[in-house]
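2 protein chains.
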Amino acid sequence: MSEIKALARGLDMIDYVWNSNRSVGVSELATMLQIDKSSASRLARTLIQHGYLDNAGSSRRLIVGKRLVQIGCEIDHRLALRQRALPYLEQLAVATGESAHMAVHASGKALVVEDVEIASSLRVVGGVGRQVAMHCTAVGKALLAFCSLPMPDELTPMMPATITDSQELALHLNEIRRQGYAFDDEEHEPGVRCMAAPVTLSDSTIAVIGISGPSVRITDQRIAPIAQLLIETAGRLSQELRHSFQPPRKNGVPVAAKAVS
Amino acid sequence: MSEIKALARGLDMIDYVWNSNRSVGVSELATMLQIDKSSASRLARTLIQHGYLDNAGSSRRLIVGKRLVQIGCEIDHRLALRQRALPYLEQLAVATGESAHMAVHASGKALVVEDVEIASSLRVVGGVGRQVAMHCTAVGKALLAFCSLPMPDELTPMMPATITDSQELALHLNEIRRQGYAFDDEEHEPGVRCMAAPVTLSDSTIAVIGISGPSVRITDQRIAPIAQLLIETAGRLSQELRHSFQPPRKNGVPVAAKAVS
DNA sequence: CACTTTGTTGCTTATTATGCAACTTTATTA
DNA sequence: TAATAAAGTTGCATAATAAGCAACAAAGTG
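First to last, the sequence lines map onto chains A and B.
Numbers given in my numbering equal positions in the first sequence, counted from 1, plus 58.
Numbers given in my numbering equal positions in the second sequence, counted from 1, plus 58.
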């Protein structure tokens, strides 16, 4: 029932360095994880030897190691998230007549990673690479709700409808979790309504997909059916990802030792 | 001087599961890493608890965990590889008058992740998402040479010039490593020559950038200067990545504990 | 240049990871 | 479907080893 302490501590160190998103000292790690400096130092060395952490330049401060960068760069393509999502986004855009997009969480913001626009002259123009706030957009709120992310520090008011109270937002997120989709009712931009639903892999949300359109077209009656469609589409994408991620091979082949790294 | 054994073993387990690219059993891990089944079992449990490994579906076989998927989905954007590469690719396209692109390795293929085309009516049309073979393209060969990837299983002949002998390819890759760039002389498509150079981060190649053009324009005399330009451009992009990856902050701010996961 | 903070190493002890063996669960075969 | 084989988990004793202390070394800081 218990866990291997040394390993657990090492993994915690990786997590801490990763989450802090900057260079971290051994002492800081020791303090935060409540372990001795010496242990932290030795664990860090092992992590460095294996490439999971690295020294920042010439200093002895710790940063994320190349191994994680390698894994990170490749897993993204093993999943081929963007590529796989594209047809689904196109379906969404056609079915709803509105721009569709996919976003992931990236250091406190929702980052648009894929984007399909429609022909209509009145449309919401997105653009890959755009970063939007978490608390006042559909994709942001969906990420907050389904990724178990910490509350944003500041809830900057953007519009009259923007939720600026932390308590209120927490309740709102619960509602989103319950309903399975997020709705942004002109909380970010005037005249724009957005909706988003989570794409999951092994029970954790790795991205969200959504649509944005002018409020005049996204009428109250359309919300339920669009939500339905979003949830269903996100579910199908999730399914596809799961299939490619968990190799279907029912029973592993013996397989000779493969060259490692 | 030594390393924390339990942690090292755990990391080795992650590596093994990662490299095998399929579901792996505890016994297999134990055999391969020469540890006892029971230890492997307990280490695996710890890794699962921390999200670094996961059980494949209902079975007890191990696959890469969500934590790594999370990291993967995010690191790409921390680096903002695509975004940052774009201006460099545009420079390349302008300077050479040929289409420029960036590719990464994705399960045995070279995957084009960014692409800049030129106006000329005679041009090589690429397209983001295109996957090409490793052994007969400039980007593929560059990835093979600089990423320390295993030799492809099959060297399918595409053109008369395609390298189909494993030995010969190995020598060719050495040459590529020595020169710092890869050259595809109509090995993949008739009348098309390509060149590519590696983009690195902390000594490991994470992508390659290159150009493709008709052989009639990419003449022998132009090869050296273009190679020069490619290497130099890839170097500048690598530099930029390194700077953003190792936060410039000279000395870490104390920083309050951040909510972790 | 002195001083403070941070990181590393030697050493001892007690924690704890390990490996064996028994047992349980899952997969495979007839 | 039962029987058999393989794979995975748990209890336990022991030895290995990670943890912690303290002293030392090395960077940063004023």
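We put the CB at the ideal spot given by N, CA and C, even for glycine.
Item, Value
"What is the rounded straight-line gap between the Cα of THR324 (chain B) and the Cα of LEU213 (chain B)?", "Absent from the structure is residue 324 (chain B), since the part of chain B shown begins at 59 and ends at 319."
"Identify, in the order they occur along the chain, each residue of the same chain with its Cβ nearer than 6 angstroms to the Cβ of VAL162 (chain B), setting aside the five sequence neighbours on each side.", "LEU169, VAL171, ALA265"
"Going along chain A in order, which residues have a C-beta closer than 9 angstroms to the C-beta of LYS124 (chain B)?", "LEU259, SER260, ASP261, SER262, ILE264"
"Report yes or no: is there a C-beta of chain A within less than 9 angstroms of the C-beta of GLN297 (chain B)?", "no"
"Mind pulling the chain A residues with CB within less than 8 angstroms of GLN128 (chain B)?", "SER262, ILE264"
"Between GLN107 (chain A) and chain B, is any beta-carbon pair separated by less than 9 angstroms?", "yes"
"So with CB distances below 7 angstroms, who are the chain A contacts of LEU231 (chain B)?", "Near LEU231 (chain B) there are no residues of chain A at all, since even the closest Cβ is about 15 angstroms away, more than 7 angstroms."
"Can you have a look at PHE256 (chain B) and say buried or exposed, based on whether 16 or more other CB atoms are within 10 angstroms of its CB?", "One detail in the question is off: residue 256 (chain B) reads as Pro in this sequence, not Phe. With 16 or more Cβ atoms within 10 Å of its Cβ, PRO256 (chain B) is classed as buried."
"Quick check on ILE93 (chain B): does DSSP put it in helix, strand or coil?", "coil"
"Excluding the five sequence neighbours on either side, which residues of its own chain have a C-beta within less than 8 angstroms of the C-beta of MET216 (chain B), listed in chain order?", "ALA191, CYS194, GLU245, HIS246, GLU247"
"Rounded to whole angstroms, how far is the Cβ of LEU91 (chain A) from the Cβ of TYR74 (chain A), which I believe are closer than 8 angstroms?", "7 angstroms"
"Measuring alpha carbon to alpha carbon, tell me which residue in A:ARG136, A:ILE281, A:TRP76, A:ASP70 is nearest ALA12 (chain A).", "As shown, chain A starts at 59 and ends at 319. That puts residue 12 (chain A) outside it, with no answer to give."
"How many whole angstroms separate the CB atoms of ALA114 (chain A) and LEU65 (chain B), which I take to be in contact at a CB cut-off of 8 angstroms?", "Actually they are not in contact, since the Cβ atoms of ALA114 (chain A) and LEU65 (chain B) sit about 21 angstroms apart, beyond 8 angstroms."
"Excluding sequence positions up to five away, which residues of its chain have a Cβ less than 8 angstroms from the Cβ of ASP112 (chain B)?", "ILE106, LEU120, ILE121, VAL122, GLY123, LYS124"
"Kindly say whether LEU213 (chain B), judged by its beta-carbon, lies nearer than 9 angstroms to any beta-carbon of chain A.", "no"
"To the nearest angstrom, how far is the alpha carbon of LYS308 (chain B) from that of GLN237 (chain B)?", "Interpretation of LYS308 (chain B) is limited by its pLDDT of 37, a score under 50 that renders its predicted location unreliable; the figure taken from the coordinates is listed afterwards. Going from the Cα of LYS308 (chain B) to the Cα of GLN237 (chain B) covers about 35 angstroms."
"On the DSSP letters alone, give me the boundaries of the beta strand (DSSP E) that ASP243 (chain A) sits inside.", "240-243"
"For ILE289 (chain A), which three-state DSSP category applies?", "helix"
"Tell me whether SER78 (chain A) sits in a helix, a strand or coil according to DSSP, three-state version.", "helix"
"Would you call the region 87-104 of chain B and the region 132-146 of chain B touching, i.e. three or more CB-CB distances under 8 angstroms?", "no"
"Can you check DSSP and say which residues form a bridge with HIS163 (chain B)?", "B:ALA168"
"So, for ALA219 (chain B): in the same chain, excluding its five sequence neighbours on each side, which residues have a beta-carbon less than 7 angstroms away from its beta-carbon?", "ASP243, GLU244, GLU245"
"What residues in its chain sit with their C-beta under 7 angstroms from that of SER273 (chain B), if we drop five residues either side in the sequence?", "GLU244, GLY249, VAL250, ARG251"
"Does any residue of chain B have a CB that is nearer than 9 angstroms to the CB of ILE62 (chain A)?", "yes"
"Taking Cβ-Cβ distances shorter than 7 angstroms, what residues in chain B pair up with THR277 (chain A)?", "Those do not exist, as THR277 (chain A) stays about 34 angstroms from chain B at its closest Cβ, beyond 7 angstroms."
"Grab me the residues of LEU69 (chain B)'s own chain with a C-beta within less than 8 angstroms of its C-beta, minus the 5 sequence neighbours each way, in chain order.", "none"
"Would the beta-carbon of ILE267 (chain A) fall within 9 angstroms of that of ALA158 (chain A)?", "yes"
"Which residue wins for smallest C-alpha separation from ARG71 (chain B), given the options B:LEU201, B:LEU259, B:ALA88?", "Here residue 71 (chain B) turns out to be Met, not Arg, going by the sequence shown. Selected option, being the one with the closest Cα: B:ALA88."
"What do you get for VAL127 (chain A), buried or exposed, if any count of 16 or more other CB atoms within 10 angstroms of its CB means buried?", "buried"
"Determine the burial state of HIS301 (chain B): buried for a count of at least 16 other Cβ atoms within 10 Å of its Cβ, exposed for fewer.", "exposed"
"Given this structure, state the Cα-to-Cα distance separating THR241 (chain B) from ALA254 (chain B), to the nearest angstrom.", "The identity of residue 241 (chain B) in the sequence shown is Phe, whereas the question assumes Thr. Their Cα atoms are separated by approximately 7 angstroms."
"Counting only C-beta atoms, is LEU139 (chain B) closer than 9 angstroms to chain A at any point?", "yes"
"Drop a sphere of 10 angstroms on the beta-carbon of ASP134 (chain B), count the other beta-carbons inside from all chains shown, and report buried for 16 or more, exposed for fewer.", "buried"
"Does DSSP put SER157 (chain A) in a helix, in a strand, or in coil?", "strand"
"Should VAL182 (chain A) be flagged as near chain B, meaning a C-beta pair shorter than 9 angstroms?", "no"
"Is the beta carbon of ALA143 (chain B) less than 9 angstroms from the beta carbon of LEU288 (chain B)?", "no"
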